[in-house]
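Chemist:
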Amino acid sequence: MSPQRILVVDDDPDIREYLMAVLGDHGWQVAAVGDTSAALAALEQFSPDVVIVDVLLPGRSGLDLLVTLRRSPRWSAMPLVVVTGVDQLLKDDCQSYLGTHAGVAGPDAVLGKPIDPATLLAVLRTIEQRRSPPPS
Amino acid sequence: MRNQYLQYFEEMPCYLSVHDRDFRIIHGNKRFRRDFGVEGEYCYRAYKGRDSVCDGCPVEKTFAEGTAQISEQTLRTRDGREIPVRVRTTPIHDEDGAIVAVMEMHTDISESKRLQEQLAHSRQRLAQLFEEVPCYLSVQGPDRIIQHANRRFRETFGQAIGEPCYRIYKHRDEQCIVCNAQAAFRDGTPFEHEEVVVSADGQEINVLVTTAPLRNAAGQVEAVIEMAVDITQIRQLQSQLTSIGLLVGSISHGIKGLLTGLDGGLYLVNSGFERGDQGRVKKGWEMVVRNVDRIRSMVLDILYYAKDRDLEVETVNVAGLVAELAEVVEKKAADGGITLRFDVAPEVGTLPGDGKALRAMLVNILENSLEACRSDHGKSDLRVTMSVRRLDPWMVIVVEDNGIGMDRETREKLFSLFFSSKGSKGTGLGLFIANKIIDKHGGSITVDSEPGRGSRFVIRLPLEARPSTRPIAAKTAMAPIVSGN
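Chains as they are written, first to last, in our numbering: chain Y, 830 to 965; chain X, 115 to 599.
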């Protein structure tokens, strides 16, 4: 089975480097970009299976990207993991924000920074299993 | 019939007496005799214990002028009580029309006197309360002219009586668009609102204003009383608390990003060692160094913001200052593949200012420009240029880059507290502090920028020492929240 593809969207080059290393070491094929426009281009070229997105980005925010994907017929089912240092956006708040302001389903998971690699990998494994359930 | 009149005379509920020309009391009614003694006595002796006629004696005046008199006096009774009375006298004529006696009627006005005194006292108390109440009190007519103002109002807004309220409160020549005093006239009900007024010496004061109609006896509103309570300190504290909240949120967000960067560096170092991959170790270590550096500069920003220190003005060698800047930022420029150029005219000389603060300000602006270049992935020839010229009366410093540039919203909010366009990398403190430093030096900063084309910051610093006394744009100076250095 070919490795799963993951797209990382974060404006901090160090965090991009970090996630590329961690995820690459665990068998993922990773592409990383620094803003929302680059992410939209990468979706076309890279065809990821999962997107990890930061919230505060220069220009259009990560939540803006999330809303764009959820409303797009092509990407609406894309598994999305939000990573953020903004406390208010953690957990239920993120979901209720999107439900109230954008009327779309929230991300598949929200993780706070600093990122715990074990938690991130566990979340990705759950998403992976949901996408390709073991044969019954 | 005569007996009946005599009985009326006797029973009259006041003091009644008849006096001859020698001021002897010929007759007195029952009440008079009870309190002032027997008939035949001189009235001045009976009333006041005197040995001669009183000054302005109404009896004397009635004999002299032949007309009735009214006056007020105080009498002393036989048992020593003093009674304020209204005195009415009338002449008594004989058949030939000559005045043979004077009838005097004293009405006890003790109660009315007491009420008058009580009323005067109440008025005085009310006037004193109006005068001394610790808020701004004024009364305005329908023409918006201030009719009365208490002491605190006059002390703060000057001698306002006779002036229109909008001139006194707002230093305007036209009435305000929304006026709650006028609303109180119109609707006859009290109103409450908050606004900012300006004192006679130009200080802005936040006030909570209550206006209430004052009605005349007919129930018509003839004036409006306005009570304004100074809530400036409360608003300042609220603003400071909001700032502290924003600062804490901003710091917390920034630190989480930096910790993630440090975690990343450590991960690369550790996994590099495990695999014997020197390239990965080097990359990880550089990441650690970079994030420690970012933490250091963030802490310095926070300390500067928290301390709001005064300038330590000295004579700054501008060429030397630029050389120091070059040392700080050259490596960062080289790491990002950015060409950094300093263009300092030979005659720039010196500048009065706080060297450390100016250095911090210029490092901030240069780093901002370098960051704008680092974020631009579409250009191969990224450049940051700093030029310094002495253009009397200014030292003009221009920092120009061809990085990502800024849209209008970013340009307008650029120097605001906690605004950052750098996503997770900005604390929103850097340019706010830079602007504050320039402002304290009496200088100015402007920015031209366009998305995709880059930005151009122009800083003007005065060549003559004149630390600005203007308040800084964002009034968020606060008590230190971080102690020590």
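We put the beta carbon where it would ideally sit given N, CA and C, even for glycine.
Rounded to the nearest angstrom, what separates X:Ala-295 and X:Arg-239 at their Cα positions?
Modeler: Using only the alpha carbons, I get a separation of about 26 Å.
Chemist: Grab me the residues of X:Glu-514's own chain with a C-beta within less than 6 Å of its C-beta, minus the 5 sequence neighbours each way, in chain order.
Modeler: Here the set comprises Thr-499, Arg-570.
Chemist: In three-state DSSP terms, what is Y:Ile-956?
Modeler: Reduced to three states, the DSSP call for Y:Ile-956 is helix.
Chemist: Can you tell me whether X:Gly-142 is helix, strand or coil according to DSSP?
Modeler: If DSSP states are grouped into helix, strand and coil, X:Gly-142 belongs with the strands.
Chemist: Spell out whether any CB of chain X is found under 8 Å from the CB atom of Y:Ile-881.
Modeler: No, Y:Ile-881 does not count as interfacial toward chain X.
Chemist: Roughly how many angstroms separate the alpha carbons of Y:Glu-873 and Y:Met-907, rounded to a whole number?
Modeler: The alpha-carbon atoms of Y:Glu-873 and Y:Met-907 are separated by roughly 13 Å.
Chemist: Per DSSP, what kind of secondary structure is X:Ser-538 in: helix, strand or coil?
Modeler: Residue placement at X:Ser-538 is poorly supported in this model, since its pLDDT is 48, which falls under 50; the coordinates still yield a value, given next. X:Ser-538: helix per DSSP, three-state reduction.
Chemist: For chain X, is any of its Cβ atoms less than 8 Å away from the one on Y:Gly-856?
Modeler: It does not: the Cβ of Y:Gly-856 has no partner Cβ on chain X nearer than 8 Å.
Chemist: Does the distance from the CB of Y:Val-952 to the CB of Y:Pro-936 come in under 8 Å?
Modeler: No. Outside cutoff.
Chemist: Reducing DSSP to helix, strand and coil, say where X:Asn-74 ends up.
Modeler: Since the first residue of chain X shown is 115 and the last is 599, residue 74 of chain X is not available in this structure.
Chemist: If we count the other Cβ atoms within 10 Å of its Cβ and call it buried at 16 or more, is X:Tyr-161 buried or exposed?
Modeler: Counting Cβ neighbours within 10 Å, X:Tyr-161 comes out buried, since at least 16 surround it.
Chemist: How would you list, in chain order, the residues of chain X whose beta-carbon sits under 9 Å from the beta-carbon of Y:Val-952?
Modeler: Residues of chain X passing the Cβ test: none, with the nearest at roughly 16 Å.
Chemist: Here's a check: name, in chain order, each residue in its chain whose Cβ is nearer than 7 Å to the Cβ of X:Phe-146, leaving out the five neighbours to either side.
Modeler: Once the five neighbours on either side are set aside, the close Cβ partners of X:Phe-146 are Tyr-129, Leu-130, Ser-131.
Chemist: Quick check on the burial criterion: 16 or more other C-beta atoms within 10 angstroms. Buried or exposed for X:Gln-334?
Modeler: Flag for X:Gln-334 reads exposed.
Chemist: Does the contact criterion of 3 or more C-beta pairs under 8 Å hold for the segment 240–260 of chain X versus the segment 331–348 of chain X?
Modeler: The answer is yes - the segment 331–348 of chain X touches the segment 240–260 of chain X, with three or more Cβ pairs under 8 Å.
Chemist: With hydrogens ignored, establish whether the beta-carbon of Y:Gly-891 is closer than 7 Å to any heavy atom of the ligand COA.
Modeler: The ligand COA is not among the ligands present in this structure, which contains no ligands whatsoever.
Chemist: In this structure, what does DSSP give as the bridge partners for X:His-307?
Modeler: According to DSSP, X:His-307 bridges with X:Val-323.
Chemist: Using the Cα positions of X:Thr-303 and X:Ala-297, report the straight-line distance between them to the nearest angstrom.
Modeler: Cα to Cα, X:Thr-303 sits roughly 8 Å from X:Ala-297.
Chemist: How do the segment 320–333 of chain X and the segment 352–371 of chain X stand: do at least 3 beta-carbon pairs fall below 8 Å, yes or no?
Modeler: As far as the Cβ criterion goes, the segment 320–333 of chain X does not touch the segment 352–371 of chain X, which means the pair count is below three.
Chemist: Check each candidate in Y:Arg-845, Y:Leu-836, Y:Ala-870, Y:Leu-886 and name the one with the smallest Cα separation from X:Leu-382.
Modeler: It is Y:Arg-845.
Chemist: Any beta-carbon of chain Y closer than 8 Å to the one on X:Arg-570?
Modeler: Answer no: the Cβ-Cβ gap between X:Arg-570 and chain Y never drops below 8 Å.
Chemist: For X:Arg-404, return the contacting residues in chain Y, with the cut-off set at a CB-CB distance below 7 Å.
Modeler: Within chain Y, the residues near X:Arg-404 are Asp-843.
Chemist: In whole angstroms, give me the CA-to-CA distance for Y:Leu-950 and Y:Ala-850.
Modeler: Going from the Cα of Y:Leu-950 to the Cα of Y:Ala-850 covers about 13 Å.
Chemist: Among X:Ser-224, X:Arg-190, X:Arg-192, X:Glu-179, which one has its Cα closest to the Cα of X:Thr-204?
Modeler: Selected option, being the one with the closest Cα: X:Glu-179.
Chemist: Apart from the five residues just before and just after X:Ser-538, which ones in its own chain have a Cβ nearer than 6 Å to its Cβ?
Modeler: Only weak support is given to the placement of X:Ser-538: the predicted model assigns it a pLDDT of 48, under 50, and the value that follows is read from those uncertain coordinates. So the list reads Gly-371, once near-sequence residues are dropped.
Chemist: Is it buried or exposed, Y:Thr-948, if we count other Cβ atoms within 10 angstroms and call 16 or more buried?
Modeler: The residue is exposed, with fewer than 16 neighbouring Cβ atoms inside 10 Å.
Chemist: To which residues does DSSP link X:Met-475 through a beta bridge?
Modeler: DSSP output for X:Met-475 lists no bridge partner at all.
Chemist: Just to confirm the assignment, what range does the alpha helix (DSSP H) spanning X:Ser-226 have?
Modeler: Here the alpha helix (DSSP H) through X:Ser-226 covers 224–246.
Chemist: Measure from the C-beta of Y:Gln-958 to each C-beta in chain X and report whether the shortest distance is under 8 Å.
Modeler: Not an interface residue.
Chemist: Entirely within the segment 405–485 of chain X and at least 3 residues each: give me those beta strand (DSSP E) ranges in chain order.
Modeler: Within the segment 405–485 of chain X, the complete beta strand (DSSP E) runs of at least 3 residues are 428–431, 453–458, 464–467.
Chemist: Identify which residue in X:Pro-507, X:Thr-346, X:Glu-231 has its Cα closest to the Cα of X:Ile-573.
Modeler: Nearest C-alpha to X:Ile-573: X:Pro-507.
Chemist: Since X:Met-412 meets chain Y, which of its residues come closer than 9 Å, beta carbon to beta carbon?
Modeler: In chain order: nothing, as chain Y lies at least about 13 Å away.
Chemist: At a Cβ threshold of 8 Å, is X:Ala-579 touching chain Y?
Modeler: Cβ-Cβ to chain Y under 8 Å: no for X:Ala-579.
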